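Numbering (our numbering), first residue to last: 1 to 330. Where is the CB? At the ideal position from N, CA and C, for every residue including glycine. Quantities reported herein were computed from a predicted structural model and do not represent experimental measurements. Remarks on the structure that follows.
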């Protein structure tokens, strides 16, 4: 089969994405075009695509998808700029009740403490590690640590090392640095520190989740052949710990058979009781009691260790899904 016409390429892509996604797309096509595409899809069942043709269609789809994500980000940024311009002449909206409004005190150091960690990071993300360390040194350790987590990886480590022995800065210069940080940070929202690549990966993961299992596995294999590093990042978003709520008991039992007891206890420590009960309900009475004791014995756990344990469960979920052995509610 030679894919030359636009409708043939659409049909090829729809056959890969599955019935649910194809049905949603068809609703936006003219009826006559939708009928022709549907006929082409049915014809492809008797005359399936060659692997080379499939890769070509998927490559084209990925290029358009990434372009669409980029355009969406740029449009959103332009809309935000337009909204900011309108706010110059329009009365400011009432602050959301759940977020404490920023009220300048005239003291830049007190104002700095009022900012959210992501606002501080957003204001400092383009500064040198030295400047970042000097400003963060003016904050309580907990707040400084949270702000540090929001900074780009390439400057975070250097700024942290400088914080160990921060440089002496003349008071007048320090005050100006803090004042500038406050003026930049107080107008930022959480999107100021969002990584565009992370947003694109999140959208790709959501698209994969919407597909049927067979089509999702096909896309995963194609992406693994083209960009395994990108696939690894998307998989972290594709399968989540919360998916255990939707996974059938038989599949949960398969997960329990592959994960070690220490990682399982670490993953379930502090988890939502309903989710934990769903998992532990697939264990024998004796195994459940043993696991409960192990969880209690753990005491407090380090966040990074728990993240790793839960990711291990997500990796197992992913392997079962790719092999077609995962039963999960949509």
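- Contact between the stretch 276-283 and the stretch 298-310 is absent, with fewer than three C-beta pairs closer than 8 angstroms.
- Between the stretch 252-267 and the stretch 231-240 there are fewer than three C-beta pairs closer than 8 angstroms, too few to call the two in contact.
- Residue 139 is classed as buried because its beta carbon has at least 16 other beta carbons within 10 Å across all chains shown.
- Residue nearest to residue 106 within the set 321, 175, 218 is 175 (criterion: CA-CA distance).
- Between the alpha carbons of residue 46 and residue 322 lies a distance of about 25 angstroms.
- Taking C-alpha positions only, residue 31 is separated from residue 42 by approximately 17 angstroms.
- Assignment of residue 168 by DSSP, reduced to helix, strand and coil, places it in the coil class.
- Look at residue 247 here: in three-state DSSP terms it is strand.
- Taking a C-beta distance under 7 angstroms as the contact criterion, residue 163 and residue 202 do not qualify as a contact pair.
- According to DSSP, residue pairing for residue 328 in a beta bridge involves 247.
- Boundaries of the alpha helix (DSSP H) harbouring residue 263: 261-268, taken from the DSSP string.
- Of the residues assessed, residue 242 falls on the exposed side of the cut-off, its CB having fewer than 16 other CB atoms within 10 angstroms.
- Contact between the stretch 147-157 and the stretch 120-133 is present: 3 or more CB-CB pairs across the two stretches fall below 8 angstroms.
- Sequence-distant partners of residue 25 (beyond 5 residues in either direction) whose C-beta falls short of 7 angstroms from its own C-beta, in its chain, are 14.
- If you draw a straight line from the Cα of residue 52 to the Cα of residue 314, it comes to about 31 angstroms.
- Going by beta carbons, residue 239 and residue 132 fall outside the 7 angstroms limit.
- Excluding its 5 nearest sequence neighbours in each direction, residue 291 has C-beta neighbours in its own chain below 8 angstroms: 261, 264, 265, 268, 280, 283, listed in chain order.
- Put simply, of 253, 250, 310 the residue whose alpha carbon is nearest the alpha carbon of residue 270 is 310.
- In the DSSP assignment, residue 131 falls within the alpha helix (DSSP H) that extends over 129-136.
- Assignment of residue 105 by DSSP, reduced to helix, strand and coil, places it in the coil class.
- DSSP places residue 211 in no alpha helix (DSSP H); its state is neither H nor E.
- For residue 35 and residue 44, the gap between their C-alpha atoms comes out near 14 angstroms.
- Residue 272 places its beta carbon 7 angstroms or farther from that of residue 182.
- Contact between residue 312 and residue 259 holds, since their C-beta atoms are separated by about 6 angstroms, short of 8 angstroms.
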